[in-house]
Each structure stands twice: as C-alpha cells, then as structure tokens.
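>
Numbering (mature numbering (1 follows the signal peptide of the UniProt record, and there is no 0)), first residue to last: -17 to -1, 1 to 74.
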C-alpha cells in the first residue's frame, strides 16, 4: 500500500507542473508578456522571441542587467521580421 501511495504522489506532482509561455518583443516593443508570472518548483518558463534583438537573464534587484551567479542567460537572440519560425528557449 505504501508503494502505491508513493507512486500516486509522484504522478500527482508531475501532473501539476505548468509551462508558462512568455513572449519577448514584437511589434517594435521591448516588453515581456505577461510582465509577471508565478512559477512554482517544477514549472517551466518558455520564452518565445518575436522580431527584434533581445535576451533574458536571471538577475538580482541590485544588478538587474547582469546575469546572477548560477542563474540562466539566453545570450542575445535576433529574430528578423521575415523569419517564419520564432526562436524559443525554455528554462
């Protein structure tokens, strides 16, 4: 019985993980949409880069434009206006 409960708990934890989609740029705007999300442990955040040149970094409030040690950094991603496919990066 204990094994079944543990297995059920593991499946339940996997089932609640959410993929948060965030668009970056587009229409000559330098914004993220949505501007705020609440990601829980186990969730994924997928950044979809629209036209323009953008990057995303995990930073601190004290140094908002510098990558945080151990954080993520997409590097600079450029997508031209005629690109058929949009660049996506998931974290």
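Cβ atoms here follow ideal geometry from the backbone N, Cα and C, with glycine treated the same way.
#1: Taking the DSSP output, what are the residues bridged to residue 4?
#2: State the start and end residues of the unbroken beta strand (DSSP E) segment that holds residue 62.
#3: For the stretch 5 to 12 against the stretch 24 to 35, are there 3 or more C-beta pairs whose distance is under 8 angstroms?
#4: Pick helix, strand or coil for residue 39, following the three-state DSSP scheme.
#5: Give me the residue from 60, 42, 3 with the minimum Cα distance to residue 132.
#6: CA-CA distance, residue 61 and residue -2?
#7: Residue 19 to residue 55, Cα distance in whole Å?
#8: Under three-state DSSP, which class holds residue 16?
Reading off the structure:
#1: For the purposes of this step, residue 4 is taken as the residue at position 21 of the chain shown. Residue 4 pairs with 29.
#2: As a first step, residue 62 is located in the chain shown; it is residue number 79 there, counting from the start. Taken as a continuous stretch (DSSP letters only), the beta strand (DSSP E) holding residue 62 covers 60 to 62.
#3: yes
#4: Counting from one through the chain shown, the residue named residue 39 turns up at place 56. Coil.
#5: The structure shown has nothing for residue 132, since the chain only spans -17 to 74.
#6: Within the chain shown, residue 61 is the residue found at index 78, counting from 1. Within the chain shown, residue -2 is the residue found at index 16, counting from 1. Straight-line Cα distance between these residues: approximately 33 angstroms.
#7: Numbered from 1 along the chain shown, position 36 holds the residue referred to as residue 19. Numbered from 1 along the chain shown, position 72 holds the residue referred to as residue 55. Whole-angstrom Cα-Cα distance: 17 angstroms.
#8: Counting from one through the chain shown, the residue named residue 16 turns up at place 33. Here residue 16 sits in strand by DSSP.
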